[in-house]
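Report on the following structure.
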Amino acid sequence: MTLFGVLGFTTPMLLVSLLALPILWVILRAVPPAPVRRLFPGVVLLLGLKDDDQVTDRTPWWLLLLRMLAVAAVIVGLAGPILNPEPKQEAAGDAPLLVVMDASWASASDWRARMRALDGLLAKAGRDERPVALLRLSNPEPVQFSSADVLRSRLSGIQPEPWQPGSTTATQAIAALPEDDFDSYWMSDGLDRESRNGLLRLLENKGDVQVFENPRALYALGPATLADGALNLTLHRLRPGPEVEVSLVGHGTDPAGNPAVLFQAPVTFAENALTTETKQALPAEMRARITRFEIAGTRSAGAVTLPDDSLRRREVALIAGREGREGLQLLDPLHYLVKALAPTADLLNGSLSEVLLANPDVIVLVDVATLAPGEEAAVLEWLDKGGLLLRFAGPRLAASDVSRSTEDPLMPVRLRAGGRTVGGAMSWGEPKTLAPFDEDSPFTGLNTSDEITVNSQVMAQPDPALAERVIAQLSDGTPLVTRKLVGQGQVVLVHVTANAEWSTLPLSGLFVQMLERLAISSSAGAVEAEAMDGTTWQPISVLDAFGVLRDGETLPGVDGVDLVDGELTTELRPGLYQGENRSLARNVIAADTELASMIWPDHITVEGLSRPQETPLGGWLLGGAIALLLADVIASLALSGRLVGARAAAGLILVLALPVESRAQGPDDQLAIAATSEVVFAHVLTGDAKLDQLAGAAMRGLSDTLFYRTSVEPALPLAVNLEEDELAFFPFIYWPISPDQAIPSDAAYAKLNEYLRSGGMILFDTRDADIAGFGTATPNGRKLQALAARLDIPPLEPIPEDHVLTRTFYLLQDFPGRYTGRDVWVEAAPPDAELVEGMPFRNLNDNVTPVVIGGNDWASAWAVDQTGSPLVPLGRSFTGERHREIANRFGVNLVMHVLTGNYKSDQVHVPALLDRLGQ
């Protein structure tokens, strides 16, 4: 390509033809020739006559200019002009091109710009006839080079992942690289990571490397924490810059349960600051309804953080050692607790054994001295899982022998007998006030008051561990609140009563704040990996790369240790996970995450994504030339005086040249008519031409088998594009799996899920039963896992012996295709399905399994050519033909199952009907 500034030409030699335009001007200007003057007396007879049709003796200059412009537009248009072409230094090389994309959450905010840049790169590679391959580092797959046009057709299915490449994916990416040399274009997300270095060196050894990186502002949001009763959030940005203000938004539900924005606050980054922190003092009731925090205007999973149980409304069980006296509410031991906790917690009442069944977050024992042995064991087990046992003192506890000589398991300290009374009529001392709270206390930051006094309390025995267990004390140093950890939970003792008999603490606002702090700290602290060993957590909702929450209940559970320390991958996605008794959020940005921008070596060319896109101008110039020639025709007719008679023709030309709305049937209408006029089967286009041809031949062979053997008479099968075509027309779709097919878009997944829910069936065929069992041990298996991750697929099981697929038309025990060495999976039967007396199969429902999954390569067994002859040989002689026959029978059973349901299972009702008829 020859470049002239911002304009380039693919065939610049045609521009030499422009030199002929002056010669053409002279020739046209000289025609017609000037008239010769002759003296003719007879001209006198013509005097006084008027000639209505006058013809000029020379072509007007403006008409010649119009024609020159038209010819010039044709020449320039055929020369292949391109606006903003790629510079020469970037266009050098004809080796295969590998496009490397980080495709992480950091790429999501400008993903459209990246796709436009990628489309321009592929267009350039297509003009240069360079093979192209794509490698996403966040989810690497084996590299396979193909034409640029094929990859351009799959751009809509290329999406970023809600994590960034790590050491595991870097190793997979290196293993996926081909051995031959190639050039690389690395579309970087701008984040620095150690895993880049080894891959970059390897790519440089293979060929030239160029980097595309957008120098835009990238923001991220750390997890929310609670400190001093306020929400603390840390915001990050990738690069230093001027002072800037962003908006922090908290989403949740209003009191009626409707989605709402609960708060929005501006947060300012100081000049050149990479992090900033904000505190949001929200009411506990509002805080409990928050479901997500995000930085407004940033479409990225890194700008979203999900809260878990630490910010949500807790269940608190209240149990008193004695009932309150009727009519004396202020002396009721639970009165002040109910008033303090009701706005922020769900209160439970009942016996200790009853509330333990509800697995509350906090159990409050008010002046309860002793527990039954069975109750004590149950409480210890509950504590070990992360509960908080909050105990208040009182006359019963002071008079008991609990935790006297030895420390009771459910008490944080040993107690002295009798307690202490100060400030009473029989005491010489004055009532005691509270001392300021220590920094390591959960009450730090709360203000004490001299108006809060203590008259009586239970005293702690001196002990080496006493000092570290005191979290609040009186002005004379005696403990007021003590705490110890038990497993993942904790036991807290308040050494005064929960009412105003022993102190004025319950009458103060400090009492409410202290209870709120204790309820918040019902978990002993940050979750440790060792404590998660052996647990399984089910995803409730997961984030995609753009920060949108998706349903995660169809995804498999994850190991507890991996949830805490594991690297985010396809198996462990950021989101909210549910355990046995609590939920846990795994966010993209952790508390210790620091963003650092990538510094590329000096010899690597780095270009931003803001480069103007290449725009071919040839079509516009040729269209302009046609318009100029039409204007020349009209002008010539006007000059010759024949425009009046040619108005109809000129109007017709203009009408034909103008775009009009066509009412002809579009491709969608044609597809609908073809798919609904008769029974039609379909196969999914994968982008692999050979595989798509084989799948089409397979559907044609299966249709022929059904036509000759059953009452079903299918029409010719159709190929469907998941992004463009409607799926509801087809009762059965065959989907062969290849490792390099694109992931469908969100709109395509919505159509697929609607198709599965409305009664359609998809046969997924990984075609790898000859080398692997069911799972992800092969590239096809891993691709199937990625494709099915967002499909609404029910629980599956291998086809049982009594499944209706074994008898819908033929009696079958095996389900072979080209191979036979693998299970075939269908929707699992209901757990309450039972055998019917006298029948060999269970009483199943009438639903059709929405998916059938296997790897036996049924397409190769069913495929036939136009004459009906098999395309793929199976075995030898009779053995191979018998193998193909069983495969065809399985196909017939599949279609009869999807068209008629489990009608064969209705035979289970025969014994009951005969019994009622008395036969």
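Going by the working numbering, the first residue of the sequence shown is number 98, and it counts up by one from there.
By construction, the Cβ of each residue, glycine as well, lies at the ideal position given by its N, Cα and C atoms.
Computed from a predicted structure; not experimentally measured.
Note on the region 543–612: whole beta strand (DSSP E) runs with a minimum of 3 residues are 567–570, 576–583 and 586–591, in chain order. Taking every protein chain shown into account, the CB of Ala439 has fewer than 16 other CB atoms within 10 angstroms, so this residue is exposed. Collapsing the DSSP output to three states places Gly347 in a strand. For His780, the enclosing beta strand (DSSP E) covers residues Ala779 to Val781. DSSP places Ser680 in the uninterrupted beta strand (DSSP E) bounded by Ser680 to Arg683.
Runs of the beta strand (DSSP E) lying entirely within the region 857–892 and spanning at least 3 residues, in chain order: 858–862.
About 51 Å separates the CB atoms of Val173 and Leu888; that is not less than 8 Å, and the two are not in contact.
Within the region 222–249, the complete alpha helix (DSSP H) runs of at least 4 residues fall at 245–249.
Each of Ser244, Thr651 and Leu234 was checked against the Cα of Gly223, and the nearest Cα belongs to Ser244. At a Cβ-Cβ threshold of 7 Å, Val567 and Ala490 do not count as neighbours.
Membership of Met284 in any alpha helix (DSSP H) is not indicated; the residue belongs instead to the beta strand (DSSP E) covering Asp280 to Ser285. Distance check between Pro404 and each of Glu374, Trp922 and Ala321 places Ala321 closest, using alpha-carbon atoms only.
The DSSP assignment places complete alpha helix (DSSP H) segments of no fewer than 4 residues inside the region 650–738 at 657–662 and 715–737, in order along the chain. With fewer than 16 neighbouring CB atoms inside 10 Å of its own CB, Met110 falls in the exposed class.
Between Val413 and Val459, the gap from beta carbon to beta carbon is short of 7 Å.
For Trp832, there is no enclosing alpha helix (DSSP H); the enclosing beta strand (DSSP E) covers residues Phe829 to Pro833. The C-beta distance from Val661 to Ala398 rounds to 19 Å, too long to meet the 8 Å contact threshold. Residue environment: Pro913 is assigned as buried (16 or more neighbouring CB atoms within 10 Å of its CB, all protein chains considered). Annotated as distal: Ala169 and Leu195, with beta-carbon spacing of 7 Å or more. A contact between stretches requires three or more CB pairs, one per stretch, nearer than 8 Å, and the region 802–813 fails this requirement with the region 962–975.
In terms of Cα proximity to Val308, the closest of Asn329, Trp283, Gln377 and Ser344 is Trp283. The residues Val901, Leu902, Thr905 and Val945, in chain order, have a CB closer than 7 Å to that of His994 in the same chain once the five nearest residues on each side in sequence are set aside.
Per DSSP, Thr375 lies in no alpha helix (DSSP H); the unbroken beta strand (DSSP E) holding it starts and ends at Thr372 to Gln377. When Cβ pairs closer than 8 Å are counted between the two stretches, the region 206–225 is seen not to touch the region 354–374, the count staying below three. Under the Cβ criterion (8 Å, minimum of three pairs), the region 325–342 does not count as touching the region 292–310. DSSP links His333 through a beta bridge to Ala317 and Thr372. Taking every protein chain shown into account, the CB of Asp191 has fewer than 16 other CB atoms within 10 angstroms, so this residue is exposed. If you check the CB distance, Arg981 and Ala958 come in under 7 Å. Residue burial is scored here from C-beta neighbours: Asn877 has at least 16 other C-beta atoms within 10 angstroms and is therefore classed as buried.
Remark: C-beta atoms of Glu664 and Thr265 approach each other more closely than 7 Å. Between Ala597 and Gln377, the alpha-carbon positions lie close to 33 Å from each other. In this structure, Pro239 and Pro836 form a Cβ contact; the two beta carbons are roughly 6 Å apart against a cut-off of 8 Å.
Within 10 angstroms of the beta-carbon of Phe975 lie fewer than 16 other beta-carbons, which makes it exposed. At a Cβ-Cβ threshold of 7 Å, Arg249 and Ala200 do not count as neighbours.
Excluding residues up to 5 positions away in sequence, Thr651, Leu853, Pro947 and Val948 lie with their Cβ nearer than 8 Å to the Cβ of Ile890 in the same chain.
At a Cβ-Cβ threshold of 7 Å, Ala792 and His780 count as neighbours.
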